[in-house]
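One structure is given below, encoded as structure tokens.
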Amino acid sequence: MNYPRKVKLVDVGPRDGLQNEKQPVPADVKIRLVQMLQDAGLREIEVTSFVSPKWVPQMADAAEVMAGIERRPGVRYSVLTPNIKGFESAVESRPDEIVVFGAASEAFSQKNINCSIAESIERFAPVVEAARAKGIPVRGAISTTVGCPYEGEIAPSRVEMVARLMKEIGVQHVGVCDTVGVGTPRKVQAAMEAALKHYSIDDVSGHFHDTYAQALPNTLASLQMGVWQFDSSVAGLGGCPYAKGATGNVATEDVVYMLHGMGIETGIDLDKLVDAGNYISEFLGRKSQSRAATAILNKRAG
Ligand code: HMG
Ligand code: MG
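Heads up, the sequence shown is in my numbering, so the first residue is 426 and it goes up one at a time.
Okay, here's the thing in structure tokens:
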């Protein structure tokens, strides 16, 4: 098997990880989490979302968090922008990349961003144009690529269509997202293949929620196709408020443990990453969802 030599991980913990938390997480805790992630060697961090505070109250402090983080050279800080209003607010925070987020399922598009897939593309087009005019790279997240909480199974042809539409408006990279974590390796590979009809292998990434404990096998299945970029979330935090029943993203610690064990470089210090996960888990008053972090913490204690 020809695995990539290096993998790039985007820690989406401060954004995907915290957006679903009911208890308010103060901006300084989010800022500290970003700091600990960069201290652990993360070079890509999804910091926050410029979305409606009525829809996602936890992300209402997006500008404050972006203003508070220490910008380290070589680290890229990305933010979600669903529309031009979000983009205009985000741009003042100087993001290194913006993320537009659509879906392969009509029902999820409606629930999450209050519009159809076609309307979402119309909304993203001016955002992409404005970002690219300012030299800000644009990533597109395609949600519900294998399953939808409202529509059930999703055909790869839906993913292919959204990838094509994103390509047409100038989105430079697409994330194939298993929002509800129902995917299994062959289904995820089919969704990846659909995205790869319009994007090169260097311009696709995987974003797998771990609801059914399939996120690591799905990561491995994607690696086997040559995919080398993944989103993951420290301590396995995460979930989308509009995808009920879905749990967090694959834990960054678990992915790093697997990759390092396979001799694949990430540039991440697993011990420091465990400290970051421990910090946020203690703040939230809950155990980490990462099996590797739990094992390492038990070993330290014992
Ligand atoms: P809408 O209600 O259709 O928007 O929401 P609107 O344009 O009609 O505006 C309504 C109100 O929202 C107005 O305020 C606007 O100013 C305000 P009012 O006049 O009522 O006071 N507004 C905004 N405020 C701040 N920032 C903005 C913004 N836009 C409008 N950008 C909208 C449409 C997209 C805004 C809304 O549906 C929304 O914010 N949705 C976000 C949902 C979300 O954040 N979901 C989680 C992230 S996606 C995810 O987790 C999946 C992912 O991880 C991948 C995966 O796992 O699948 C990425
Ligand atoms: Mg997600």
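By construction, the Cβ of each residue, glycine as well, lies at the ideal position given by its N, Cα and C atoms.
Distance CB(residue i)-CB(residue j) smaller than 8 angstroms
i	j	result
VAL584	ALA529	yes
VAL490	ARG468	no
GLY493	ASP453	yes
PRO520	ILE470	no
CYS665	HIS632	no
PRO574	GLY710	no
VAL504	THR473	yes
TYR704	ARG430	no
VAL652	MET617	yes
GLY527	VAL587	yes
VAL605	GLY572	yes
THR644	VAL680	yes
VAL481	PRO507	no
VAL553	ILE579	no
ALA638	TYR682	no
LEU684	VAL432	yes
ALA465	ALA619	no
PRO518	ALA558	The amino acid occupying residue 518 in the given sequence is Ser; Pro does not appear at that position. It is not a contact, given that the beta carbons lie outside the stated cut-off.
Given residue i as reference, the closest of the options once Cα atoms are compared
i	options	result
SER657	GLU495, GLU576, GLU678, VAL481	GLU678
GLU495	THR691, MET461, ILE509	MET461
MET484	GLY670, ALA638, PRO449, MET650	PRO449
ILE542	VAL459, SER568, GLY727, ALA701	SER568
ASN445	TYR667, GLU578, GLU690	TYR667
TYR428	ALA646, VAL459, GLY727	ALA646
LYS536	VAL596, LYS712, GLU576	GLU576
GLN649	ALA615, ALA638, TYR682	ALA615
LYS622	PRO610, SER534, VAL459, LEU590	LEU590
PRO581	ARG611, GLN463, ALA556, LYS592	ARG611
PHE533	ASP464, GLU547, LEU443, THR570	THR570
GLN597	PRO642, PHE655, ALA556	ALA556
ILE546	PRO642, LYS447, LYS592	LYS592
ARG443	ARG725, ASP486, GLN463	Sequence inspection shows Leu at residue 443; the Arg mentioned does not correspond to that position. When each option's Cα is compared against that of LEU443, the closest is ASP486.
Distance cut-off 7 angstroms: residue i Cβ against heavy atoms of the ligand FMN
i	result
LYS612	With respect to small molecules bound, the structure shown includes the ligand HMG and the ligand MG and not the ligand FMN.
Inset, instruction - Decide if the stretch 674 to 681 is in contact with the stretch 430 to 445; the criterion is three or more beta carbon pairs, one per stretch, under 8 angstroms apart. - result: yes
Legend entry - Length-filtered (4 minimum) alpha helix (DSSP H) runs lying within the stretch 446 to 484: 452 to 464
Inset, instruction - Report yes or no: do the stretch 614 to 627 and the stretch 655 to 669 share at least 3 C-beta pairs separated by less than 8 angstroms? - result: no
Inset, instruction - Inspect the CB distances between the stretch 559 to 579 and the stretch 508 to 527 and report whether three or more fall short of 8 angstroms. - result: yes
Legend entry - Three-pair Cβ contact test at 8 angstroms for the stretch 691 to 711 versus the stretch 507 to 514: no
Legend entry - Environment of the ligand MG in chain order, Cβ to heavy atom below 7 angstroms: VAL437, ASP441, CYS602, THR604, HIS632, HIS634, GLY663, CYS665, ASN674
Legend entry - 4-residue-minimum alpha helix (DSSP H) runs that sit fully inside the stretch 561 to 629, ordered along the chain: 581 to 593, 610 to 621
Legend entry - alpha helix (DSSP H) segments (min. 4 residues) lying fully within the stretch 639 to 665: 640 to 648
Inset, instruction - Enumerate, from N- to C-terminal direction, the unbroken alpha helix (DSSP H) stretches of 4 or more residues contained entirely within the stretch 493 to 562. - result: 509 to 516, 531 to 538, 542 to 558
Legend entry - 4 or more residues per run - each alpha helix (DSSP H) lying fully within the stretch 684 to 708: none
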